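*Asks:* With mature numbering (1 follows the signal peptide of the UniProt record, and there is no 0) applied, the sequence shown covers -27 to -1, 1 to 221. Every residue gets a Cβ at the ideal spot worked out from N, C-alpha and C, and that includes glycine. Being a predicted model, the structure only gives us computed values, none of them experimental. Structure in structure tokens, see below.
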Amino acid sequence: MKTLTSFLRPAILLAALPAALAFTACSDDDDDNAATPDQGNVLISHAAASANVQVTALADDKQVGQLTYGQSSGYVKVNAGTPTLKINNSAGQTAASQAVTVAKDQNYSVFAYAPTATTVGLLSVSDDLTAPAAGQAKVRVVHLALGAPATVKLSQQTVAGATDVPGVTAAFGAASAFVSVPASSYNLLVTTGTPSTTVVAVGDGTGTGSATATKNYEAGKIYTVLVRGISSSIDPALQPKAVVIQHN
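Here's what the structure looks like:
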């Protein structure tokens, strides 16, 4: 026997269906409209000769790169704020950990380096990627070569000897500002003192140390000359070298 309840049940279900569909649609809209966190851009470079193994870089425990010694990542997105950047070895042990400041839409380079022969430190520097003027390139030096002179600078090899690039000087564990230079091919040197004496040749920027090689610094491009290594190392691959990182 059909009762009033039997007749009402289908009607109740049909009446509830639009509300259920509307709730589902709202839930989907909420997922689609979830706010994306503010982010900055971080380039990570493995310049720690004290950790001559593949390392994993993490930002707030999220993997952002795996690098062997001498490798640099491209720019990766990292949430703005003060994320903790870690460098872990192949066994998952943390070799270095540091909170870094990341602002929305800004660019940074973070270098893992050797503050001593057995430890790993992190250097975070802001990257001004404002385009240089027409016909110009921008260049800076980052000094992370343990045991090299305390302060280094960039010079150009000329027939008259080493001529300093104005304003490109860095102490150990620091970076110079970017400066503009006319776009051209240069035989750059990392030097120290007055008169300038060569610490290591930049050459073609690959770390070969050739004193005669040149590199073309292109108009509109931005470069870091990274000096890395440990002077006392008996491994030639870990001794101080200068390599060029192109940022754009």
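1. Do you know whose CA, among V132, D100, L127, S153, lies nearest A144's CA?
2. Do the region 60 to 75 and the region 174 to 192 touch if we need at least three Cβ pairs shorter than 8 Å?
3. Below 7 Å CB to CB, which residues in the same chain sit around T92 once its five sequence neighbours on both sides are set aside?
4. Give me, in chain order, the residues of the same chain whose beta-carbon lies closer than 6 Å to that of D135; leave out the 5 immediate sequence neighbours on both sides.
5. Starting from Q71, follow the beta strand (DSSP E) in both directions and report where the run begins and ends.
6. Counting only runs that start and end within the region 66 to 127, where is the beta strand (DSSP E) found for 3 or more residues in a row?
7. Got a sec? Which residues, its chain only, sit under 6 Å from D208 by beta carbon, not counting five neighbours each side?
8. For K194 and N221, which I take to be in contact (beta-carbon distance under 8 Å), what is that distance rounded to the nearest angstrom?
9. In terms of alpha-carbon separation, which member of K188, T185, A192, I218 lies closest to R201?
10. Pair every Cβ in the region 52 to 64 with every Cβ in the region 10 to 24, then say whether three or more of these pairs are closer than 8 Å.
11. Measure the CB-CB distance between G108 and A192 and report whether it falls below 7 Å.
12. Just to check my reading of the structure: I60 and A85 have Cβ atoms closer than 8 Å, yes? What is that Cβ distance to the nearest angstrom?
13. Is the beta carbon of Y81 closer than 7 Å to that of S70?
*Replies:* To lay it out plainly:
1. If we check each option's Cα against that of A144, L127 comes out closest.
2. Output reads no: the region 174 to 192 does not touch the region 60 to 75.
3. Here the set comprises S23.
4. One point to set straight first is that residue 135 is Ala, not Asp, in the sequence displayed. Correct list, in chain order: S128, L162, T164, S169.
5. Where Q71 is concerned, the enclosing beta strand (DSSP E) stretches over 67 to 72.
6. Within the region 66 to 127, the complete beta strand (DSSP E) runs of at least 3 residues are 67 to 72, 80 to 86, 94 to 99, 109 to 119.
7. Excluding positions up to five away in sequence, the list is empty.
8. About 6 Å; that satisfies the 8 Å criterion.
9. The shortest C-alpha separation from R201 is found at I218.
10. They touch, by the three-pair rule.
11. Going by C-beta atoms, G108 is nearer than 7 Å to A192.
12. Indeed they touch by this definition, with Cβ atoms about 5 Å apart.
13. For the 7 Å CB-CB criterion, S70 and Y81 do not form a contact.
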